[in-house]
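Novice: Chains as they are written, first to last, in our numbering: chain A, 774 to 886; chain B, 3 to 117.
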Amino acid sequence: GAGVSQTPSNKVTEKGKYVELRCDPISGHTALYWYRQSLGQGPEFLIYFQGTGAADDSGLPNDRFFAVRPEGSVSTLKIQRTERGDSAVYLCASSGHSTDEQFFGPGTRLTVL
Amino acid sequence: AQSVSQHNHHVILSEAASLELGCNYSYGGTVNLFWYVQYPGQHLQLLLKYFSGDPLVKGIKGFEAEFIKSKFSFNLRKPSVQWSDTAEYFCAVNANAGNNRKLIWGLGTSLAVNP
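(1) Less than 8 Å between CB atoms is the rule here; does residue 116 of chain B satisfy it with respect to chain A?
(2) List, in order along the chain, the chain E residues whose C-beta lies closer than 7 Å to that of residue 34 of chain B?
(3) Could you give the first and the last residue of the continuous beta strand (DSSP E) run that contains residue 839 of chain A?
(4) Do you know offhand how far residue 46 of chain B's Cα is from residue 789 of chain A's?
(5) Residues in its own chain within less than 6 Å of residue 825 of chain A by CB, not counting five upstream and five downstream?
(6) Between the segment 781–796 of chain A and the segment 3–16 of chain B, do three or more beta carbon pairs fall short of 8 Å?
(7) Using a Cβ cut-off of 8 Å (strictly closer), state whether residue 838 of chain A contacts chain B.
(8) Ignore the nearest five residues each way along the sequence and tell me which others in residue 79 of chain B's own chain have a CB closer than 6 Å to its CB.
(9) State the Cα-Cα distance for the pair residue 861 of chain A and residue 885 of chain A, rounded to the nearest angstrom.
(10) Please name the residues in the segment 801–817 of chain A whose beta-carbon is closer than 9 Å to at least one beta-carbon of chain B, in chain order.
(11) Report yes or no: is there a C-beta of chain A within less than 8 Å of the C-beta of residue 63 of chain B?
(12) I'd like to know if residue 74 of chain B contacts chain A, where contact means its C-beta is closer than 8 Å to some C-beta of that chain.
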């Protein structure tokens with residue numbers, strides 16, 4: 774079956790620009806997570822959705838970062854006024870109702886020049 | 003705040019050697035514990051997990067991990083590694099409390115197995 778997919782796989786942008794990263798979770802998974810991973814680091818939690826609502830957004834670093842999941846399936850992570858420090862791999866994961874196992878997508882590598 | 007510490011950042015072994023990767027966490031309450039693996043060019047996948055019950059858990063590909071509550075540890079082991087085990091290994095924790103499902107991750111351990 775289809776796993777978690779993320780688009781684009783790579784995104785290069787200039788400092789100050791706006792970017793959107795998309796995540797398609799596994800069909801039927803109610804929970805969706807965003808993490809980011811910098812080189813040589815473990816993933817860092819950003820935000821977690823249960824259905825359409827953000828259950829925990831404590832990991833969003835500042836108000837330039839925002840995420841939505843309007844229909845409880847696809848999610849978009851939006852970054853305004855990008856900075857060079859935003860460069861990282863952005864990971865999306867999803868999980869079902871009865872399990873805490875998170876299934877990860879391949880990530881989007883964001884490079885801010 | 004929760005944190006996860008992985009002691010070995012880079013490990014190099016020969017095939018058939020035994021492996022133990024350390025993982026310690028800081029959180030006073032009940033936790034769920036995970037080891038994820040990332041093979042070269044692939045995405046993160048679950049190796050094994052501990053929620054409750056037998057503290058010795060077995061995962062895929064011959065890996066196992068032991069939860070020692072008194073030591074706040076969840077070390078990963080494999081008795082005999084193979085070249086195909088070359089990968090990045092991550093320990094992760096979430097607090098088993100209410101609706102908390104976010105994972106807190108260690109920095110990862112890069113394992114290279116020489117044939």
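Every residue gets a Cβ at the ideal spot worked out from N, C-alpha and C, and that includes glycine.
Specialist: If we stick to the structure as given:
(1) no
(2) Included in the structure are the protein chains A and B, with no chain E among them.
(3) 838–841
(4) 30 Å
(5) 842 and 845
(6) no
(7) no
(8) 22 and 66
(9) 9 Å
(10) 804, 806, 808, 810, 813, 814, 815, 816 and 817
(11) no
(12) no
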